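First up is the structure itself, then whatever we jot down about it.
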Amino acid sequence: EVTKEFTANLPKAELHLHIEGTLEPELKLKLAQRNHIDIGQSTIEEVQKTYDYDDLASFLAVYYPAMNVLQKEEDFYELAFAYLKRAAANNVRHVEIFFDPQAHTSRGIAFETVINGLYRAVVDARALNVDAALIMCFLRDFSKESARKTLLEALPYKDKFIGIGLDSDEHNNPPLKFARQYEDAAAEGLHLTAHCDIDQKDSIEHIRQALEIMGVERLDHGTNIVEDPDLVQFAAKNQIGLTSCPLSNGFVSPEMKGKEILELLAQDVKVSLHSDDPAYFGGYIGDNYYQLADQFALTKEQVVQLAKNSFETSWISQEKKDIYL
Ligand code: ES4
Ligand code: ZN
4 EVTKEFTANL PKAELHLHIE GTLEPELKLK LAQRNHIDIG QSTIEEVQKT YDYDDLASFL
64 AVYYPAMNVL QKEEDFYELA FAYLKRAAAN NVRHVEIFFD PQAHTSRGIA FETVINGLYR
124 AVVDARALNV DAALIMCFLR DFSKESARKT LLEALPYKDK FIGIGLDSDE HNNPPLKFAR
184 QYEDAAAEGL HLTAHCDIDQ KDSIEHIRQA LEIMGVERLD HGTNIVEDPD LVQFAAKNQI
244 GLTSCPLSNG FVSPEMKGKE ILELLAQDVK VSLHSDDPAY FGGYIGDNYY QLADQFALTK
304 EQVVQLAKNS FETSWISQEK KDIYL
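See below:
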């Protein structure tokens, strides 16, 4: 009895959204043409044919090269503002947007070009009645020295982002590799989150490092925590947010991890639903809610709890939270 309309109308907070993963084929082609970049395809159908992946490596191999169409501040602005308009239409009232500066600085785009373009869209989102903020992610398959350089480059712009995260390929790249950056960011008053992707070789050890050593406030994905009752208890007690992405899960594993999400809900862990890379994984946040609810027969109460969890574990002021809780 959870309808598409119900999930669409529900007020939501989006906490796990990579802005580079909102690059729709149409905008990709438009920017390629405007910036004279040959991406190898010239129609939407051709672009969509390249969206052929069934694990993280094959996904990232399509994902990173596409970013080459993002060259100018205006391109980053256009990408983010297009997303924010969709967010408003999905009843997203608050969004914390991940961005990957190293995916851009590593190909010669200045950090300030990236953040100024994205931040201008964040400011303009107020006119859409969407409350938005940025989270800077480190690429964990790059060196810790590169992360250090990125953090130092970012600190002069500290008023333009609210926290840090960790993404890209987790294999042999544990959270602890970035312990120093997390410590320094925390000392600067930044919020902390980190990806602990589903079904990794060292999922439990990575979750343990992130929670117990680095003091993250949220885990992105992180649903493998169900395998460890002590960590589940820690997460429940400390109100750690787990930002799960059903459609993304379905791409890199045989299913959306509905069973794990429901188990975490039942154990009072603050799990919530999000969209990860919606232009690549077949849907925005409303679709993630609806498809999980439909396939795992969620009740309205469970769906409402997931949405409440998203506001509760967000990094907006208590004042603003009180409006939604
Ligand atoms: C990502 Cl699906 C996924 N996994 C890891 N890093 C990412 N960055 C963007 N999407
Ligand atoms: Zn992600």
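Going by UniProt numbering, the letters in the sequence shown line up with residues 4 to 328, in that order.
Just so it is clear, CB atoms sit at the ideal spot from N, CA and C, and this is done for glycine as well.
Nothing here was measured: the structure is a model prediction, and the numbers come from that model.
Output the distance between the C-alpha atoms of residue i and residue j, rounded to the nearest integer angstrom.
{"i": "residue 305", "j": "residue 268", "result": "8 Å"}
{"i": "residue 21", "j": "residue 169", "result": "11 Å"}
{"i": "residue 137", "j": "residue 242", "result": "22 Å"}
{"i": "residue 4", "j": "residue 226", "result": "26 Å"}
{"i": "residue 237", "j": "residue 102", "result": "28 Å"}
{"i": "residue 271", "j": "residue 264", "result": "11 Å"}
{"i": "residue 68", "j": "residue 112", "result": "14 Å"}
{"i": "residue 301", "j": "residue 175", "result": "35 Å"}
{"i": "residue 308", "j": "residue 321", "result": "18 Å"}
{"i": "residue 70", "j": "residue 41", "result": "12 Å"}
{"i": "residue 104", "j": "residue 141", "result": "8 Å"}
{"i": "residue 303", "j": "residue 38", "result": "46 Å"}
{"i": "residue 299", "j": "residue 57", "result": "22 Å"}
{"i": "residue 277", "j": "residue 45", "result": "30 Å"}
{"i": "residue 192", "j": "residue 162", "result": "11 Å"}
{"i": "residue 147", "j": "residue 177", "result": "11 Å"}
{"i": "residue 244", "j": "residue 31", "result": "32 Å"}
{"i": "residue 33", "j": "residue 23", "result": "15 Å"}
{"i": "residue 240", "j": "residue 134", "result": "28 Å"}
{"i": "residue 317", "j": "residue 116", "result": "27 Å"}
{"i": "residue 3", "j": "residue 128", "result": "There is simply no residue 3 to check, as the chain begins at 4 and stops at 328 in what is shown."}
Which two residues bound the contiguous beta strand (DSSP E) that contains residue i?
{"i": "residue 253", "result": "No beta strand (DSSP E) contains residue 253, which is instead part of the alpha helix (DSSP H) from 249–255."}
{"i": "residue 273", "result": "273–276"}
{"i": "residue 2", "result": "With the chain represented from 4 up to 328, any question about residue 2 goes unanswered, as that position is not in the structure."}
{"i": "residue 138", "result": "134–142"}
{"i": "residue 100", "result": "95–102"}
Taking residue i and residue j to be in contact with their CB atoms under 8 Å, please state how far apart those CB atoms are, rounded to whole angstroms.
{"i": "residue 179", "j": "residue 203", "result": "Contact flag wrong, Cβ pair sits at about 14 Å."}
{"i": "residue 18", "j": "residue 310", "result": "About 11 Å separates the two Cβ atoms, so there is no contact after all."}
{"i": "residue 273", "j": "residue 220", "result": "Their Cβ separation, rounded to whole angstroms, is 10 Å, which puts residue 273 and residue 220 out of contact at 8 Å."}
{"i": "residue 194", "j": "residue 216", "result": "The Cβ separation is near 17 Å, so there is no contact."}
{"i": "residue 65", "j": "residue 35", "result": "Contact doesn't hold; Cβ gap of about 15 Å is too wide."}
{"i": "residue 139", "j": "residue 167", "result": "5 Å"}
What residue range does the alpha helix (DSSP H) around residue i cover?
{"i": "residue 208", "result": "206–211"}
{"i": "residue 290", "result": "288–298"}
{"i": "residue 114", "result": "114–127"}
{"i": "residue 264", "result": "261–269"}
{"i": "residue 110", "result": "Unbroken run through residue 110: none, as it is neither H nor E."}
{"i": "residue 317", "result": "From DSSP, residue 317 is part of no alpha helix (DSSP H); its letter is neither H nor E."}
{"i": "residue 10", "result": "7–12"}
{"i": "residue 153", "result": "147–157"}
{"i": "residue 130", "result": "Residue 130 -> no alpha helix (DSSP H), and no H or E assigned at all."}
One question on the structure: do residue i and residue j come within less than 8 Å of each other, judged by their Cβ atoms?
{"i": "residue 198", "j": "residue 230", "result": "no"}
{"i": "residue 327", "j": "residue 110", "result": "no"}
{"i": "residue 188", "j": "residue 154", "result": "yes"}
{"i": "residue 87", "j": "residue 131", "result": "yes"}
{"i": "residue 289", "j": "residue 11", "result": "yes"}
{"i": "residue 124", "j": "residue 80", "result": "yes"}
{"i": "residue 246", "j": "residue 280", "result": "no"}
{"i": "residue 76", "j": "residue 47", "result": "no"}
{"i": "residue 143", "j": "residue 171", "result": "yes"}
{"i": "residue 287", "j": "residue 7", "result": "no"}
{"i": "residue 251", "j": "residue 312", "result": "no"}
{"i": "residue 145", "j": "residue 283", "result": "no"}
Please give me, in chain order, every unbroken run of the alpha helix (DSSP H) with length at least 4 that falls completely inside the region 161–247.
182–190, 206–211, 232–240
Which complete alpha helix (DSSP H) runs does the region 25–89 hold, if anything under 4 residues is left out?
28–37, 47–52, 59–69
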